[in-house]
Amino acid sequence: MYRFLLTPRWWGINLFVVLAIPFCVFMGTWQLGRFEDRVQTHEAADKQPAPGTRTAKPLDELLPVDTVTSGRPATATGRYADQFLVPGRKLDDRNGFYVVDMLRTDSGKALPVVRGWLPGKAGHTSVPAAPTGDVTVTGDLQASENPATAGVDATGGLPDGQVGMISAASLVNLVPYDVYDAWVTLQQPDTPAAAGAGAAKGAAALRPVPAAAAQGTGLDLKAFQNLGYLCEWFVFAAFVLFMWFRLVRREAEAVRDVRLGLVADTDATPDRDADTGPDTPAAP
Numbered sequence: 070m071y072r073f074l075l076t077p078r079w080w081g082i083n084l085f086v087v088l089a090i091p092f093c094v095f096m097g098t099w100q101l102g103r104f105e106d107r108v109q110t111h112e113a114a115d116k117q118p119a120p121g122t123r124t125a126k127p128l129d130e131l132l133p134v135d136t137v138t139s140g141r142p143a144t145a146t147g148r149y150a151d152q153f154l155v156p157g158r159k160l161d162d163r164n165g166f167y168v169v170d171m172l173r174t175d176s177g178k179a180l181p182v183v184r185g186w187l188p189g190k191a192g193h194t195s196v197p198a199a200p201t202g203d204v205t206v207t208g209d210l211q212a213s214e215n216p217a218t219a220g221v222d223a224t225g226g227l228p229d230g231q232v233g234m235i236s237a238a239s240l241v242n243l244v245p246y247d248v249y250d251a252w253v254t255l256q257q258p259d260t261p262a263a264a265g266a267g268a269a270k271g272a273a274a275l276r277p278v279p280a281a282a283a284q285g286t287g288l289d290l291k292a293f294q295n296l297g298y299l300c301e302w303f304v305f306a307a308f309v310l311f312m313w314f315r316l317v318r319r320e321a322e323a324v325r326d327v328r329l330g331l332v333a334d335t336d337a338t339p340d341r342d343a344d345t346g347p348d349t350p351a352a353p
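In the numbering used here, the protein residues as written are 70 to 353.
This is the structure in structure tokens:
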């Protein structure tokens, strides 16, 4: 009854099933591995000590930024140069903006330093002036932002002196010097009093911007997408197997019905028509 499985048409179907099911299982297993990696990375990040409890190290010793060095206190020495405002940033559910000053180091490269956050609208709020002369800053190291980073405005069209993203790729086009592919957020932001006589009159005190967790270290939407894809691949495998059994069953039932004479064998119909041909009266 199942000799039809050896026909050329069924060889093609069987080959597809034999290849499709292992492929779906492999892809599902790979997605499971990706989910487990994200869980382990998240657990490792949770076990990291708080930024304030770790000893600060020179900036160059912590570069490039990765999941281990992200959030580590870094120190750098230089002079503040250009200043940029980053609008559309929230702190404690309040709208405001970041104040970023470029710290020119002895190497000639500049480190973007987030001196703090201010409420209000960028360009319409007084900003405390940055300290003058040589300064040494200590801040939590962060990787350059990208369009997928929370709060980033990648649409462009901002006024002069404002940027939507803190990254070397965007800042290097605005300043005449090289920029580190990283930035720091000060643990103790400059205040008008700390800025001395150079502080803007009537400017509000800057508030510290907490360091964000390194990308890929949290159980974010992508982690649960991996879990969803895992389920989809195993559903695909089960669906392929179900359809194969259903097709086999239908074919076997058709063969059985032909053998029992319940339905005519369509393959034999042309022969029967040919046999009855001579008995048909000729037209006059």
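Just so you know, even glycine gets a beta-carbon here, dropped at the ideal spot from N, CA and C. Given the structure is predicted, the values throughout are model-derived calculations rather than measurements.
- Beyond the five residues adjoining it in sequence on each side, A89 comes within less than 6 Å, by CB distance, of V309 in the same chain, given in chain order.
- In the DSSP assignment, R319 forms no beta bridge with any residue.
- Relative to V183, the option among G157, R141, V327, Q256 whose CA is nearest is Q256.
- Comparing C-alpha distances from L74 to each of R325, L329, A321 shows the shortest one belongs to A321.
- In terms of CA proximity to P133, A251 leads the group R318, A251, F95, L316.
- By the criterion of a C-beta distance shorter than 6 Å, D247 is surrounded in its chain by K178, once the five residues flanking it on both sides are discounted.
- Segment contact: the region 214 to 234 against the region 143 to 150, fewer than three CB-CB distances shorter than 8 Å; contact not assigned.
- Annotation: V327 to W99 spans about 46 Å, alpha carbon to alpha carbon.
- Comparing alpha carbon positions, the residue from T218, E105, D209, T124 closest to G157 is T218.
- For L296, the CB contacts under 7 Å within the same chain, skipping 5 residues up- and downstream, are F104 in chain order.
- Taking the Cα positions, G226 is about 14 Å away from L154.
- When DSSP states are grouped into helix, strand and coil, N242 belongs to the coil group.
- Boundaries of the beta strand (DSSP E) harbouring D170: 163 to 174, taken from the DSSP string.
- Going by DSSP, D229 is part of no alpha helix (DSSP H) at all; its letter is neither H nor E.
- By the CB criterion at 8 Å, A125 and F166 fall outside the cutoff.
- Around the beta carbon of G81, a 10 Å sphere encloses fewer than 16 other beta carbons of the protein chains shown; the residue is thus reported as exposed.
- Following the DSSP letters along the chain, one finds D129 inside the alpha helix (DSSP H) bounded by residues 128 to 131.
- Sequence-distant Cβ neighbours of G189 in its own chain, meaning closer than 7 Å and more than five residues away, are G165.
- For F153, the enclosing beta strand (DSSP E) starts and ends at 142 to 160.
- The Cβ neighbour count for V137, taken over all protein chains shown within 10 Å, is under 16; the residue is labelled exposed.
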